[in-house]
Amino acid sequence: MLIGLLIAGCGGGGSSTVGTITGFIEDVNGNPVRNARVYVDGGPQTYSNSAGSYRLVDASGDVRIIKASVNQDGVNYFGENTVQIFNGETSKSVNVTVAPSNQLATLTGTVTDRNGDLVQNAHVFAAATNGGGTVTVFSSSYVLTDSSGNFSMPTLLGGQSYTVVASAVGYDSDPDTVTIPAGQTQNLLFTLKNATDPLLPAPTNLFGQSWTTPHVSTTRVQGQQAALEAVKNMIDPRRSSHRQTRDTSNGNFVEIDLEWDAMSDPSLIGFEIYRAPGNVGVNSLQGIDFYRDPLATLYEDMDASFQENQTYSYAITAFNTNAGDTNNSESGFSNEVVVTTLGDLFLDSVTTGPLTFHWEAASGAQNYQVYVFDRIPSVGITSIWNANTTSTQLAYGGPALTSGHTYYYVVLGQTNDNTGKTLSLIDSFVAP
45 MLIGLLIAGC
55 GGGGSSTVGT
65 ITGFIEDVNG
75 NPVRNARVYV
85 DGGPQTYSNS
95 AGSYRLVDAS
105 GDVRIIKASV
115 NQDGVNYFGE
125 NTVQIFNGET
135 SKSVNVTVAP
145 SNQLATLTGT
155 VTDRNGDLVQ
165 NAHVFAAATN
175 GGGTVTVFSS
185 SYVLTDSSGN
195 FSMPTLLGGQ
205 SYTVVASAVG
215 YDSDPDTVTI
225 PAGQTQNLLF
235 TLKNATDPLL
245 PAPTNLFGQS
255 WTTPHVSTTR
265 VQGQQAALEA
275 VKNMIDPRRS
285 SHRQTRDTSN
295 GNFVEIDLEW
305 DAMSDPSLIG
315 FEIYRAPGNV
325 GVNSLQGIDF
335 YRDPLATLYE
345 DMDASFQENQ
355 TYSYAITAFN
365 TNAGDTNNSE
375 SGFSNEVVVT
385 TLGDLFLDSV
395 TTGPLTFHWE
405 AASGAQNYQV
415 YVFDRIPSVG
425 ITSIWNANTT
435 STQLAYGGPA
445 LTSGHTYYYV
455 VLGQTNDNTG
465 KTLSLIDSFV
475 AP
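Per this note's numbering, the sequence shown runs over residues 45 to 476.
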């Protein structure tokens, strides 16, 4: 199975390949983007939910470009990423970062081997870095080279530093860094060397957390036409039939996120994700996915069997570019993490005198945080006030509100160690 995943995308499946794609839409600061339109040209579409996650069902073809767009305060945001589709399977962690369209830059280039021969279907990854060169979680994407060894990445963020890595099975990778001004294009040449076979160190500082989130793309607030249209577009009979087994009993999403420290090695090609139900030792874990991204530090597991109030154990390993062919190709296990999924969080009516938020206790949640916004939360918008409590109600204590103005709020329930989270719908109230 692993070797099949490594070489997939080289042709042969054609339009008969049909699968599901999941991931997150986020802004350039790594914040979730709600109500973004997520689509493939000529294929299915959906909208990101309150936590920025999406699920595209019945996407066809071997390799497709996932696109995301959203308009906020008159500004158009756009992003895209490449995904390989496997027949009847779910392609996970296909994340898309959206940025203002006028702030995007393009990276083009060519990948060859050390003899100067063009490398077709090489994977080219780009991940945003901070000032110190450390790869950040947000703004990562990849493309495949064409028959001439060429590639193009048209949605990098202008002025942002990126680490770019070209890799292919049987070669050591070639890394580079690039910063391209907005509206401009830069070209790079990558040369892959013959593969070595080091035993890579195990990934470190693995951390896992669960999310239980409303399945609707945004709030059910009266008068918000765009929000209502987004909900209508999400209610698709085919999609609903695929989602019934992966939702909570009340129809909400359950997903588990894994994060780990970035690794840098020319022989690194990706990571194997191991999982098992319950709190068990690493010897009981089973491989569930090969994540083909040497720059990855984040993985979202949106398995169809997930339900609330369940516990899962995880660990990951690192693979070198000889993946599956040698005893050294897979590292040892990372540290193990155990994650418990929480129940749904339902809101009660807001009361006044004083203004107080109310909600039902969510199974497994030990504390709650209320966020208040002066407009529907989306890309580039932050809360005007937030506060914590262990109760199921909280009086507003933020800046003065404008009487008669509509405000929006959401409640987050979580465990004390932050490994389990559950999110309410976004709701509204009119300031007294």
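The beta carbon of each residue, even a glycine, is placed where N, CA and C say it ideally should be.
Predicted model only: the values in this text are computed from it and were never measured.
Presumed contact (8 Å Cβ cut-off) between residue i and residue j, rounded CB distance
| i | j | result |
| --- | --- | --- |
| leucine 302 | glycine 252 | 5 Å |
| leucine 200 | threonine 150 | 7 Å |
| serine 357 | glycine 322 | 7 Å |
| glycine 442 | isoleucine 428 | 6 Å |
| tyrosine 335 | serine 137 | 7 Å |
Bounding residues of the beta strand (DSSP E) (the contiguous stretch that carries residue i)
| i | result |
| --- | --- |
| aspartate 471 | 471 to 474 |
| isoleucine 332 | 330 to 335 |
| glycine 153 | 148 to 157 |
| valine 62 | 62 to 70 |
| phenylalanine 122 | 119 to 128 |
| valine 168 | 167 to 173 |
| arginine 99 | 97 to 104 |
| isoleucine 110 | 107 to 116 |
| aspartate 218 | 218 to 223 |
| glycine 464 | 464 to 467 |
| proline 76 | Note, proline 76: premise wrong, no beta strand (DSSP E); not H, not E. |
| alanine 246 | Premise fails: alanine 246 is in no beta strand (DSSP E) and is neither H nor E. |
| glutamine 230 | 229 to 238 |
| glutamine 89 | 89 to 91 |
| tyrosine 452 | 450 to 458 |
| isoleucine 300 | 297 to 303 |
| methionine 307 | Unbroken run through methionine 307: none, as it is neither H nor E. |
| valine 82 | 81 to 83 |
| asparagine 327 | From DSSP, asparagine 327 is part of no beta strand (DSSP E); its letter is neither H nor E. |
| proline 338 | No beta strand (DSSP E) holds proline 338; DSSP gives it neither H nor E. |
| phenylalanine 433 | The question names phenylalanine, but residue 433 in the sequence shown is threonine. That run of the beta strand (DSSP E) goes 429 to 433. |
| serine 205 | 205 to 211 |
| alanine 439 | 437 to 439 |
| leucine 201 | 194 to 201 |
C-beta atoms of residue i and residue j nearer than 8 Å
| i | j | result |
| --- | --- | --- |
| threonine 235 | proline 219 | no |
| threonine 361 | glutamate 374 | yes |
| glycine 202 | alanine 226 | yes |
| alanine 406 | leucine 389 | yes |
| valine 72 | proline 88 | no |
| threonine 385 | threonine 256 | yes |
| leucine 339 | valine 454 | no |
| phenylalanine 377 | glycine 314 | no |
| threonine 229 | phenylalanine 195 | no |
| valine 163 | glycine 193 | yes |
| asparagine 125 | asparagine 146 | no |
| threonine 400 | valine 382 | no |
| valine 478 | isoleucine 65 | This structure gives no information on residue 478, because the portion of the chain shown stretches from 45 to 476. |
| tyrosine 83 | serine 92 | no |
| serine 393 | proline 258 | no |
| proline 242 | serine 185 | no |
| tyrosine 451 | alanine 431 | no |
| glutamate 344 | phenylalanine 122 | no |
| valine 187 | valine 142 | no |
| alanine 367 | valine 213 | yes |
| threonine 61 | asparagine 131 | yes |
Per-residue burial, residue i [other beta carbons within 10 Å of its own, 16 or more giving buried]
| i | result |
| --- | --- |
| serine 211 | buried |
| glutamine 410 | exposed |
| histidine 167 | buried |
| asparagine 159 | exposed |
| glycine 464 | buried |
| glutamine 269 | Residue placement at glutamine 269 cannot be trusted, given a pLDDT of 32 that sits under 50; what the coordinates show is reported in the next sentence. By the 10 Å Cβ count, glutamine 269 comes out exposed. |
| glutamine 266 | Any answer about glutamine 266 is weak, because its pLDDT of 36 lies below 50 and its placement is not dependable; what the coordinates show is given next. Per the 10 Å Cβ criterion, exposed. |
| asparagine 120 | exposed |
| alanine 439 | exposed |
| threonine 395 | exposed |
| glycine 105 | buried |
| leucine 30 | Shown here, the chain extends from 45 to 476; a query on residue 30 therefore has no answer. |
| glycine 408 | buried |
| alanine 444 | exposed |
| alanine 112 | buried |
| glycine 57 | A caution first: glycine 57 carries a pLDDT of 38, below 50, which makes its placement in the model unreliable, though a value can still be read off. Burial call: buried. |
| threonine 289 | Here the model assigns threonine 289 a pLDDT of 32, short of 50, so the residue's position is not dependable, and the following value carries that caveat. Answer is exposed; the Cβ neighbour count stays below 16. |
| aspartate 510 | With the chain covering only 45 through 476, there is no way to say anything about residue 510. |
| arginine 282 | Low local confidence applies: a pLDDT of 26 at arginine 282 is under 50, so the model's placement there is unreliable, with the coordinate-based value given in what follows. Flag for arginine 282 reads exposed. |
| tyrosine 412 | buried |
| aspartate 471 | buried |
| glutamine 458 | buried |
| threonine 426 | exposed |
- Item | Runs of beta strand (DSSP E) wholly within the stretch 341 to 365 (minimum 3 residues, chain order) | Listed in chain order, the beta strand (DSSP E) elements of length 3 or more contained wholly in the stretch 341 to 365 are 342 to 345, 355 to 364.
- Where in the stretch 370 to 426 do unbroken runs of the beta strand (DSSP E), each at least 3 residues long, occur, reported from the N-terminal end onward? Whole beta strand (DSSP E) segments, 3+ residues: 381 to 384, 400 to 402, 411 to 417.
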